[in-house]
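**Q** Under mature numbering (1 follows the signal peptide of the UniProt record, and there is no 0), the residues of the sequence shown are numbered -24 to -1, 1 to 563, in order.
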Amino acid sequence: MSSTYGLFCPLLLSLLLFSSSASALTSHLNRIPRLRIARDSFLQDSGSAVSESVLNESQTFFFDQTLDHFNYRPESYVTFKHKYVINFKYWGGANSSAPIFAFLGGEEPLAQDIPVVGFLTDNAPRFKALILYIEHRFYGESIPFGLSLEEALNNSNIRGHFNSAQTLVDYAEVIIHVKRMLNAQKSPVIVMGGSYGGSKLLRYKWPHFNMIKFNYHMRLFFMDNYYVPFILKKEEEKKQFCYDHLQPFTRTSRGSHVSLSLSLSLSMTTLNYFIDLFDSVLAAWFRLKYPHIALGAFASSAPILLPVNFTPHYGYYTIVSKGFRETSETCYETIKRSWSEIDRVASKQHGLQYLSETFNTCEPLSNASELKDYLISMYAAAAQYNDPFTTPVAKLCDAVNSNGSSSILNKIFAGVVASKRNSTNSSCYDITPPRNASQTTLGWPWQTCSDLIITLARNNKTMFQPDKDTLHSYIEYCKSSYGVAPRPNWISTYYGGQDIKLILQRFGSNIIFSNGLKDPYSNGGVLANISDTIVTIYTVKGSHCLDITAASKKDPDWLVKQREAEVETMERWIHVYHDDLKKLRDS
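Written as structure tokens, this is what we have:
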């Protein structure tokens, strides 16, 4: 595959889920549905977990990484220890030009990613691939100067280096270093990421480094007028609209500035359910800024058709609601009626105390929004990770429907108990964010204030209460917390490009768009082939990033076939790459 084979359309990532009240904004920022590959404990299936031996098979290294790649002041040459991990077990060696699978870490310690992305270890033997995991700066053991993340974020001179642009160069530096160290210049690099850390951008910025890119959960949107009108009621109309606007993809890689917006969400129960999408953004941005390195892309759960900037996107919560309604109309209606009941009870004297007791919260509720945000995150996570093995939506609804109480609140609490059964050892439910915040909980708000923005909204056509506009409060939160205001046009300005048709025409080829239609982010995904080299592989019953997790004996046939189709497509790309190398040697 020659470096003239382009890869993927750019993406502008942003993340922002507004709370229903300004007073609850800070809590709400920590409850944005996560875009992660990893499922929380109450959503996990033990059969799909990667063996602990994967960590034992790997070797950890530290690279002297430059703190500031974009400055020439003396202090900019300061370095910090940047962690990366290599699994040599399956590699065929540099002499065979065997590929390198490079996983771009997201907004959490690398040690949390490695056990989850089983797709790499499952398929490395087939490709005789080296597996390279690279940690994201300011997370895990890659925080400058040996500081804690909290200490780094409290220093304005240090946190200013915590952004996507610096991170992309970090990845490139490590890949160059590893290939040089192993004398593997002819080994194509397949970059993979779970949402935010995906491999798209690497493909755009450095096409000569990467044969293929895997973008897991990459959320891209059409800029300006090129967004999908999700008000279209018929799925056929939506699909045709997506197909018409993605038609211009071609096989070139000219230019270096492209821009798309990326919609991302976090989820964890505090910030964990939608963080994954952000990982895949990095890959797209990497390809966007450095088109001479990457040669292909695999975009799993990538909503490239979502609107951008401060335009509300209602599709996500529409699909969440659809998943519940298709499972149980009764459950759907109970949830829909519960919001006004929570508000009614909260408005009464001692109402918050009653809600705290009913939902057995660890700490007394300060306001109704705390409880509602918690429930919204729970429902969103159940829908997004509605895997065939765990069926969290069905379990939640079974509990709601089987509760014999006439109280709506008691029925909703029964759903909480069923959903969180495997996730807590305590006798109460931690509705408010934990005191011992994770690195993701600390780092993500800074990234969403300084680098990334987006709005996932709810309207009255879902089972949720409509959102209230809290944009002003969001801006004020960023100013008061970090002394900066969000710059909604920064990503498109830096990564370039406003004409999405031209972008797709110049950069499109060798892309797999994979989706599971149960994933709320599939609303913005590509669901029809664009060309012979830009293909879509989706499953009706699939969930968010399910295809990048480890294979299991319990996998249904449709999931096995999806992964096989993805692997076969990658094999064709690599075959063409080796043909190109041979032609160059013979010329």
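Glycine included, every Cβ here is placed at the ideal spot set by N, Cα and C. This structure is a prediction, so every number in the text was calculated from the model and none was measured.
Output the distance between the C-alpha atoms of Ile524 and Asn99, rounded to the nearest integer angstrom.
**A** Between Ile524 and Asn99, the C-alpha separation is close to 10 Å.
**Q** Does the separation of the CB atoms of Ala461 and Pro288 fall below 9 Å?
**A** No, the Cβ-Cβ distance between Ala461 and Pro288 is not below 9 Å.
**Q** Work out the CA separation of Gly82 and Gln142 for me, nearest whole Å.
**A** So the alpha carbons of these two residues sit roughly 14 Å apart.
**Q** Tell me the start and end of each unbroken beta strand (DSSP E) in the segment 267 to 339 that is at least 3 residues and wholly inside, in chain order.
**A** Those beta strand (DSSP E) runs which fall completely within the segment 267 to 339 and span 3+ residues are 273 to 276.
**Q** What are the partner residues of Ala78, as DSSP defines its beta bridges?
**A** According to DSSP, which records beta bridges pairwise, Ala78 is partnered with Leu108 and Val167.
**Q** Note down, in chain order, each residue of its chain lying with its Cβ closer than 8 Å to the Cβ of Gly459, except the 5 sequence neighbours on either side.
**A** Only Ser132 meet the Cβ criterion.
**Q** Quick check on DSSP: helix, strand or coil for Ser457?
**A** Helix.
**Q** Can you find the residues in the same chain that come closer than 6 Å, C-beta to C-beta, to Ala370, ignoring five residues on each side of it along the sequence?
**A** Contacts found: Thr303.
**Q** Answer yes or no: do Ile76 and Leu108 have a C-beta to C-beta separation smaller than 9 Å?
**A** Taking 9 Å as the Cβ cut-off, Ile76 and Leu108 qualify as a contacting pair.
**Q** Return the CA-CA distance between residue 596 and Glu317, expressed in angstroms with no decimal places.
**A** Shown here, the chain extends from -24 to 563; a query on residue 596 therefore has no answer.
**Q** Quick one: measure Cβ to Cβ for Cys404 and Phe300, integer angstroms, because I've assumed they're closer than 8 Å.
**A** Actually they do not touch by this definition, with Cβ atoms about 26 Å apart.
**Q** I'd like to check one pair, Val30 with Pro91: are the Cβ atoms closer than 9 Å?
**A** Yes; because the gap between Cβ atoms is below 9 Å, this pair is in contact.
**Q** Is the distance from the Cβ of Ala356 to the Cβ of Val296 below 9 Å?
**A** Against a cut-off of 9 Å, the Cβ pair of Val296 and Ala356 comes out as a contact.
**Q** In the DSSP assignment, what are the bridge partners of Thr512?
**A** The partner list for Thr512 (beta bridge, DSSP) reads Phe489.
**Q** Check whether the Cβ atoms of Tyr514 and Leu503 lie closer than 9 Å to each other.
**A** Contact: yes.
**Q** Answer yes if the segment 60 to 72 comes into contact with the segment 40 to 52, meaning at least three C-beta pairs across the two stretches below 8 Å, and no otherwise.
**A** With the cut-off at 8 Å, the segment 40 to 52 and the segment 60 to 72 do not touch.
**Q** Less than 8 Å between the CB of Gly518 and some heavy atom of the ligand ZN, yes or no?
**A** No copy of the ligand ZN appears in this structure; indeed no ligand is present at all.
**Q** Report buried or exposed for Trp534, applying the criterion of at least 16 other Cβ atoms within 10 angstroms of its Cβ.
**A** Counting Cβ neighbours within 10 Å, Trp534 comes out exposed, since fewer than 16 surround it.
**Q** Which two residues bound the contiguous alpha helix (DSSP H) that contains His554?
**A** His554 -> alpha helix (DSSP H) spans Asp533 to Asp562.
**Q** Sort Pro85, Leu129 and Asn130 by Cα distance to Ser118 and report the nearest one.
**A** The option with the nearest alpha carbon to Ser118 is Pro85.
**Q** Does DSSP put Leu432 in a helix, in a strand, or in coil?
**A** Three-state DSSP puts Leu432 in a strand.
**Q** If we call anything under 9 Å between Cβ atoms a contact, is Pro496 one with Thr294?
**A** The answer is yes: Cβ separation under 9 Å.
**Q** Among His112, Ala105, Phe64 and Lys65, which has the Cα closest to the Cα of Ala87?
**A** It is His112 whose Cα lies nearest to the Cα of Ala87.
**Q** Can you tell me whether His551 is buried or exposed? The criterion is at least 16 other CB atoms within 10 Å of its CB, across all chains shown.
**A** Under this definition His551 is an exposed residue.
**Q** Taking the alpha carbon of Phe46 as the point to measure from, which residue in Asp89, Tyr115, Phe114 and Asp146 has its own alpha carbon closest?
**A** With distances taken between Cα atoms, Phe46 lies closest to Asp146.
**Q** Measuring only the C-alpha atoms, how far is Ser485 from Asp562?
**A** Spanning the two alpha carbons is a distance of roughly 25 Å.
**Q** Would you kindly work out how many angstroms separate the C-alpha atoms of Lys312 and Asp89, rounded to a whole number?
**A** In a straight line, the C-alpha of Lys312 is about 35 Å away from that of Asp89.
**Q** Would you give the residue range spanned by the beta strand (DSSP E) that His58 belongs to?
**A** It spans Thr55 to Asn63 - the beta strand (DSSP E) in which His58 sits, taken as one unbroken run.
**Q** Which of helix, strand or coil does DSSP assign to Gln441?
**A** Correct three-state label for Gln441: coil.
**Q** What residues are listed by DSSP as bridge partners for Asp40?
**A** Per DSSP, Lys57.
**Q** Looking at the structure shown, is Ser72 part of a helix, part of a strand, or coil, going by DSSP?
**A** Looking at Ser72 - three-state DSSP - the assignment turns out to be helix.
**Q** Should Met354 go down as buried or exposed, given a rule of 16 or more other Cβ atoms within 10 Å for buried?
**A** Met354 is buried by the Cβ-count criterion.
**Q** Please report the Cβ distance between Val314 and Ala358, rounded to the nearest whole angstrom; I am assuming they are in contact, meaning their Cβ atoms lie under 8 Å.
**A** Per the sequence shown, the amino acid found at residue 314 is Ser instead of Val. 15 Å between Cβ atoms; not a contact.
**Q** Considering Trp67, what are the terminal residues of the alpha helix (DSSP H) in which it resides?
**A** Note, Trp67: premise wrong, no alpha helix (DSSP H); not H, not E.
**Q** List the DSSP bridge partners of Gln35.
**A** Looking at the DSSP assignment, Gln35 forms a beta bridge with Ile62.
**Q** Can you grab the Cα-Cα spacing for the pair Phe217 / Phe440, in whole Å?
**A** Any answer about Phe217 is weak, because its pLDDT of 44 lies below 50 and its placement is not dependable; what the coordinates show is given next. If you take the alpha carbons of Phe217 and Phe440, they lie about 27 Å apart.
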